[in-house]
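Residue numbers (UniProt numbering): 1 to 184. Here a beta-carbon is modelled for each residue, glycine too, at the ideal position from N, C-alpha and C. The structure presented is a predicted model; accordingly, all values stated were derived computationally and were not measured. The structure under discussion appears below in the form of structure tokens.
Below, the structure written as structure tokens:
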């Protein structure tokens, strides 16, 4: 019997996303409502199936009822959500506040690749900060080598939270603009 997500809300009006199993840190899903078609990774050549990270799952769960086929996977979600709480908040901030569409950027050493237009290449690589100077230089160079901007995201603690996003210079890793709340 499938277990319903704890944040189901009004189940009658929400589409359903079924989590079939986990594969490492990813959740393998069945998507009868087509919710995942709007995620950037489904538009890329290397996309294979509906595997979501914890950040993606938490974001989709805001609009869908999550149904768990195995209770141990629901426990895994709780564990990963706690361990990656800041990354989940950043994913929400970048998608809902900054208007980006995201996929994981691990192939670039970044947290996320941000897209403004899914028909094109990603606009930016988002790194979790603060970054030491050598790491900032490396981040800027990696982003520049794939024709993307490098952004560093730092979580603001207290005073309402949120994130500070800083664009790095193309090769020196220096901020191009003053730090500001929201999108630089």
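From the DSSP secondary-structure annotation, give me the bridge partner or partners of residue i.
i: residue 27; result: 22, 52
Indicate the three-state DSSP secondary structure (helix, strand or coil) for residue i in the structure shown.
i: residue 69; result: coil
i: residue 59; result: helix
i: residue 113; result: strand
i: residue 35; result: helix
i: residue 167; result: strand
i: residue 101; result: strand
i: residue 150; result: strand
i: residue 90; result: helix
i: residue 75; result: helix
Excluding the 5 residues preceding and the 5 following residue i in the sequence, name in chain order all residues of the same chain whose CB lies nearer than 7 Å to its CB.
i: residue 100; result: 94, 114, 115, 116
i: residue 31; result: 17, 50
i: residue 122; result: 113, 114, 115, 148
i: residue 135; result: none
i: residue 96; result: none
i: residue 163; result: 90, 93, 153, 154, 155, 156
Whose C-beta lies closer than 8 Å to the C-beta of residue i among residues of the same chain, with five residues either side of it excluded?
i: residue 63; result: 14, 15, 35
i: residue 213; result: Since the first and last residues shown for the chain are 1 and 184, residue 213 lies out of range.
i: residue 58; result: 81, 88, 91, 92
i: residue 139; result: 109, 110, 125, 127, 131, 150, 152, 168, 173
Please determine, among the options, the residue with the shortest C-alpha to C-alpha distance to residue i.
i: residue 23; options: 72, 17, 131; result: 72
i: residue 39; options: 154, 137, 104, 161; result: 104
i: residue 56; options: 68, 77, 136, 129; result: 77
i: residue 155; options: 133, 148, 21, 165; result: 165
i: residue 107; options: 161, 28, 75, 142; result: 142
Around the Cβ of residue i, are there at least 16 other Cβ atoms within 10 angstroms (buried) or fewer (exposed)?
i: residue 66; result: buried
i: residue 102; result: buried
i: residue 129; result: buried
i: residue 85; result: exposed
i: residue 146; result: exposed
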